[in-house]
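Residue numbers (the working numbering), protein chains in the order written: chain A, 1106 to 1582; chain B, 2 to 298.
Don't be surprised by glycine CBs; every beta carbon is placed ideally from N, CA and C.
These figures come from a predicted structure and were not determined experimentally.
What follows is a set of notes on a single structure, which appears directly below.
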């Protein structure tokens, strides 16, 4: 047999032109159509699943070569191809339209892809997204869902706290195993950071909502407006349910402890993005929630949250500068999103640490920064260390958005007496069980601020552990 | 059927709605999850309309068995106006999240003066009532415009003494100028009461400017004072920091660390500056809503 001919370059996905997209919150990347998806899938050299490095790189271990094979096997029957591919994906991940869009694939499944050694790695994220989107548009996902609905009789009841990526995944996995699951969510919509944090131009809320429709169809109940720790306690949940999963995330913003932090028009990125995404303040006054964005916005930080905030502010008509205390190569945001931000006209200033917010009539008017310089030495995360230079620079701004990170919310930990680390993250054992027997936890509540897909991986792992915990309890009862 | 399931069939139904005073609307809401847990000093976040905003409101009365809470709103801007105009008995609120915030400190302080300016008195009511029941000697003071008196009978029954001070609305003056008269009367009355009697604690709910003005007087007498703060809120669960205030030199989030704080530690001027954050947009929302109402009729 002839060696397969390697196609080194990936099939590109079209994107909306910059001048069009910066005027609205519509999705930037348009994704593949079937023909180009098959073409891209055909580049995969089909490593055996037991070796495939892409599967190992995926935190929920989707059978990637398997779904790509399903796509190209039925190249003349798109509906069949997509249905088979989706079945493979759903075995491990029930939210592919989300993960295909927001995962940092370049650090996960696509990083170890063998094709990446000779050319571009397979565009796994965009292919996963294509399968989910096509299935949704054609109603194929509805058809397939029936195969995943399990008998719930007598298996057990599980309460999931928090409807973000960790909780949603845990709930869906448990529902597939036949458990009766109830999710308790503090906000008025499910989705967690997918709903309030990630903007429409990266993850359209309509797409998210159809993914969330699966919950109901698989028999998962969602109770919104429930603040566990206040509305109901973990102890009360344990009286009603066989087990509890805590997926409350890391939603409390870190603010800078420097003079002027209480000035008007200084937002945490969480507040800014919640107003924009969850409350649709960009449609004010059609929507009632206001947002005040001036002409010159400074975003402090360089993670994905900072990119999302900067690109949102830009779409509200402002001139936006990202100020970061380290250098360009140290930015933690996804490469694709940094590129999008640059194309859209976001400016970047590096090696600047804010030391004071300057105001006028109670409103912010400028930010004073200390200039930093990089050292050769690297820190534990491999980033170059920085040191202050003693020189200052002041940049004008009428709005500031702080995106320097998040920490876990204290309500739940304080109300329930969990063993927690000094940073507020919950202590768990190797099965993700907390210090309270029968209560499991995962995602940012345990890791601190991490990624959507790691949270989903934890949700899935916890679902397995909960299944075993309940089974063994029932066997010994 | 499980009784627990039954109470969830009709969420947040408006069981009663009535205008109890000028611009003051009483809503009795079916919200068993809140009614069962709420304690004096705690609040809820309400979203009434699909394109609506989230606003903080305070349960004034509740019944854990029957599963209702009473909310009293002052018509102040678009959302409260729209609720008054469009919601009917039998309708449902979309979201009632809570209880939120910390309960008021419940202990024997001794003689307490609990002050409510305008509709702030509705937040004073559950706290004052509970303090009185705990054995405190509570005097409530309500200062407001003449047509805006609320909960007079209820307070007279609940606490040791209820003092009502009303200020007429001068039709020749605009609302902000009229409000200055309330502030003036408030400050005068508090001074008079503190001169006449010795209190162990002063507590106040009302506009931040008035809270500060009253605090300045209380400080002269050296009486401990607590205040329920009213910064802007979005989620009410500690995830955004919109409600941040400086207390004792530290940044606190009112929704999870408060809403009650030691008045001596609050950075009042900063809080006053922050409360005017969205005034322009609030006015625009209200004007466009009024225009739409006129156009529609």
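Item	Value
With a cut-off of 8 Å, do at least 3 Cβ pairs link the stretch 1242-1253 of chain A to the stretch 1509-1523 of chain A?	no
With a cut-off of 8 Å, do at least 3 Cβ pairs link the stretch 1264-1272 of chain A to the stretch 1284-1295 of chain A?	yes
Rounded C-beta distance between residue 88(B) and residue 18(B)? I'm assuming under 8 Å.	6 Å
Quick one: which unbroken beta strand (DSSP E) runs of 3-plus residues sit fully inside the stretch 1354-1397 of chain A? Chain order, please.	1371-1373
Can you tell me whether residue 1572(A) is helix, strand or coil according to DSSP?	helix
Is the stretch 1396-1412 of chain A touching the stretch 1530-1540 of chain A, taking contact as three or more C-beta pairs under 8 Å?	no
Can you give me the C-alpha to C-alpha distance between residue 126(B) and residue 287(B), rounded to a whole angstrom?	29 Å
Report the rounded CA-to-CA distance for residue 216(B) versus residue 264(B), giving the unit in angstroms.	7 Å
Let me know the secondary structure DSSP gives residue 1546(A) once reduced to three states.	strand
Just reading off the beta strand (DSSP E) that residue 141(B) is part of, what are its end residues?	138-146
Write down the C-beta distance between residue 1474(A) and residue 1498(A) rounded to the nearest angstrom, noting that I regard them as a contact closer than 8 Å.	5 Å
Using CA atoms only, rank isn't needed, just tell me which of 1160(A), 1129(A), 1322(A) is closest to residue 1417(A).	1129(A)
Quick one: is residue 1358(A) near chain E, going by C-beta distance under 7 Å?	No chain E appears in the structure shown, which is made up of the protein chains A and B.
With 7 Å set as the bound, which would you pick, yes or no: does the beta-carbon of residue 1467(A) sit closer than that to a beta-carbon of chain B?	yes
Grab me the residues of residue 96(B)'s own chain with a C-beta within less than 6 Å of its C-beta, minus the 5 sequence neighbours each way, in chain order.	48
Can you name, in chain order, every residue of its own chain whose Cβ lies under 6 Å from the Cβ of residue 205(B), other than the five neighbours on each side?	116, 212, 215, 228
Please name the residue, chosen from 1405(A), 1262(A), 1421(A), 1148(A), that lies closest to residue 1348(A) on a Cα-to-Cα basis.	1262(A)
Output needed for residue 1219(A): all residues of its chain with C-beta closer than 7 Å, excluding positions within five of it in sequence on either side, in chain order.	1150, 1152, 1158
Is there contact between the stretch 33-44 of chain B and the stretch 58-67 of chain B, where contact requires at least three CB pairs shorter than 8 Å?	yes
Is there a Cβ of chain A sitting closer than 7 Å to that of residue 235(B), yes or no?	yes
Pick out the complete alpha helix (DSSP H) segments inside the stretch 205-256 of chain B, 4 residues or longer, and give them in chain order.	209-222
Going by beta-carbon coordinates alone, are residue 1538(A) and residue 1165(A) separated by less than 7 Å?	no
Please state whether the Cβ-Cβ distance between residue 1483(A) and residue 1494(A) is less than 7 Å.	no
I'd like to know if the stretch 170-188 of chain B and the stretch 139-155 of chain B are in contact, where contact means that at least 3 CB-CB pairs between them fall below 8 Å.	yes
Quick check on the burial criterion: 16 or more other C-beta atoms within 10 angstroms. Buried or exposed for residue 1413(A)?	buried
Would you call the stretch 1426-1446 of chain A in contact with the stretch 1326-1335 of chain A, where contact means no fewer than 3 C-beta pairs closer than 8 Å?	no
Mind checking the stretch 81-104 of chain B against chain A and listing, in chain order, the residues whose C-beta falls within less than 9 Å of any C-beta there?	83, 95, 96, 97, 98, 99, 100, 101, 102
Could you tell me the distance, in whole angstroms, from the CA atom of residue 298(B) to the CA atom of residue 289(B)?	Caution is warranted here: a pLDDT of 44 is assigned to residue 298(B), below 50, making its placement in the model unreliable, and the coordinate value is therefore given only provisionally. Rounded to whole angstroms, residue 298(B) to residue 289(B) spans 14 Å at the Cα level.
Taking the alpha-carbon positions, what's the residue 128(B) to residue 82(B) distance?	27 Å
If you drop the 5 nearest sequence neighbours on each side, which residues of the same chain put their C-beta closer than 6 Å to that of residue 276(B)?	209
Measure the CB-CB distance between residue 1558(A) and residue 1204(A) and report whether it falls below 7 Å.	yes
Is it buried or exposed, residue 1298(A), if we count other Cβ atoms within 10 angstroms and call 16 or more buried?	buried
Of all Cβ atoms in chain A, is any one closer than 7 Å to the Cβ of residue 286(B)?	yes
Go ahead and pull the three-state DSSP assignment for residue 1497(A).	strand
For the stretch 256-269 of chain B, enumerate the residues whose C-beta is nearer than 9 Å to any C-beta of chain A, in chain order.	257, 268
Quick check: what's the CA-CA separation for residue 1324(A) versus residue 1124(A)?	44 Å
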